[in-house]
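Q:
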Amino acid sequence: MEIGFIGLGKMGLEMSSRAVQAGHRLVGYDNSPQARENAEGRGIPLADSLQALVGELSSPRVIWMQLPPGKITNQMIHNLGEMIAPGDLLIDGGNTDFRDTVRSGKKLKEKGIRFMDVGVSGGVEGAKNGCGMLIGGEEADYRSMIPFFESLAAPDAYSWCGGCGAGHYAKTI
Numbered sequence: 002m003e004i005g006f007i008g009l010g011k012m013g014l015e016m017s018s019r020a021v022q023a024g025h026r027l028v029g030y031d032n033s034p035q036a037r038e039n040a041e042g043r044g045i046p047l048a049d050s051l052q053a054l055v056g057e058l059s060s061p062r063v064i065w066m067q068l069p070p071g072k073i074t075n076q077m078i079h080n081l082g083e084m085i086a087p088g089d090l091l092i093d094g095g096n097t098d099f100r101d102t103v104r105s106g107k108k109l110k111e112k113g114i115r116f117m118d119v120g121v122s123g124g125v126e127g128a129k130n131g132c133g134m135l136i137g138g139e140e141a142d143y144r145s146m147i148p149f150f151e152s153l154a155a156p157d158a159y160s161w162c163g164g165c166g167a168g169h170y171a172k173t174i
């Protein structure tokens, strides 16, 4: 699969490394020079900007965000919503409040942009060795992403929980 991966901090670095090792074509981005240096050391191809990342991906694009919940994630969703096209898929792999996830999903749907939420469990060790994933969004999008989920998750440790917001909600409880 071809994936844009935004957020190469502790969790994102390990997850993107697993994805590359599994054979996925990944283009990463992080605005932190240290995170970029660490990713380069792991052989993760990088884009110089969000615009470059979007431009390097084939349509329909798939972009995974592994960012801290709250303002940073909400701003990134807004920014990407202005850059990507109808039919593209944006995935929030952070632990965003499910109410924010539902709001973001509705706004993106109005633009024809598909959106999924993935509550990732296991911390840095899980990201490195196989995490658990609780997934929300359209079932067809979930099914299309199974090869990617399988490359990141511990064996059978991923599950579709329902519509947009269900993954983050399930992670909360």
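Residues 2 to 174 (our numbering) are what the sequence shown spells out, left to right. Yeah, the Cβ is synthetic: ideal placement off N, Cα and C, and Gly gets one too.
Look at Phe149 and His25 and say whether their C-beta atoms are less than 8 angstroms apart.
A: By one-based count along the sequence shown, residue 149 stands at place 148. By one-based count along the sequence shown, residue 25 stands at place 24. Result yes, Cβ atoms of Phe149 and His25 sit closer than 8 angstroms.
Q: For the candidate residues Ala23, Ala171, Ala20 and Ala36, whose alpha-carbon lies nearest to that of Gly8?
A: Along the sequence shown, one-based indexing puts residue 8 at 7. Ranking Ala23, Ala171, Ala20 and Ala36 by Cα distance to Gly8 puts Ala36 first.
Q: Given this structure, state the Cα-to-Cα distance separating Ala155 from Cys132, to the nearest angstrom.
A: For the purposes of this step, residue 155 is identified with residue 154 of the sequence shown, where counting begins at 1. For the purposes of this step, residue 132 is identified with residue 131 of the sequence shown, where counting begins at 1. For Ala155 and Cys132, the distance between alpha carbons rounds to 5 angstroms.
Q: Just how far apart, CA to CA, sit Arg115 and Glu3?
A: For the purposes of this step, residue 115 is taken as residue 114 along the sequence shown, with counting starting at 1. For the purposes of this step, residue 3 is taken as residue 2 along the sequence shown, with counting starting at 1. Going from the Cα of Arg115 to the Cα of Glu3 covers about 16 angstroms.
Q: Residues in its own chain within less than 6 angstroms of Ala128 by CB, not counting five upstream and five downstream?
A: Walking along the sequence shown from the start, residue 128 turns up at place 127. For Ala128, where only same-chain residues beyond five positions count, the Cβ hits under 6 angstroms are Met12, Glu15 and Met16.
Q: What did DSSP end up calling Trp118 once you bin it into helix, strand or coil?
A: As a position in the sequence shown, residue 118 is number 117, starting the count at 1. Here residue 118 turns out to be Asp, not Trp, going by the sequence shown. The answer is strand: DSSP assigns Asp118 an E or B state.
Q: Taking the continuous beta strand (DSSP E) assigned at Asp93, which residues delimit it?
A: As a working note, residue 93 is residue 92 in the sequence shown. Taken as a continuous stretch (DSSP letters only), the beta strand (DSSP E) holding Asp93 covers Leu90 to Asp93.
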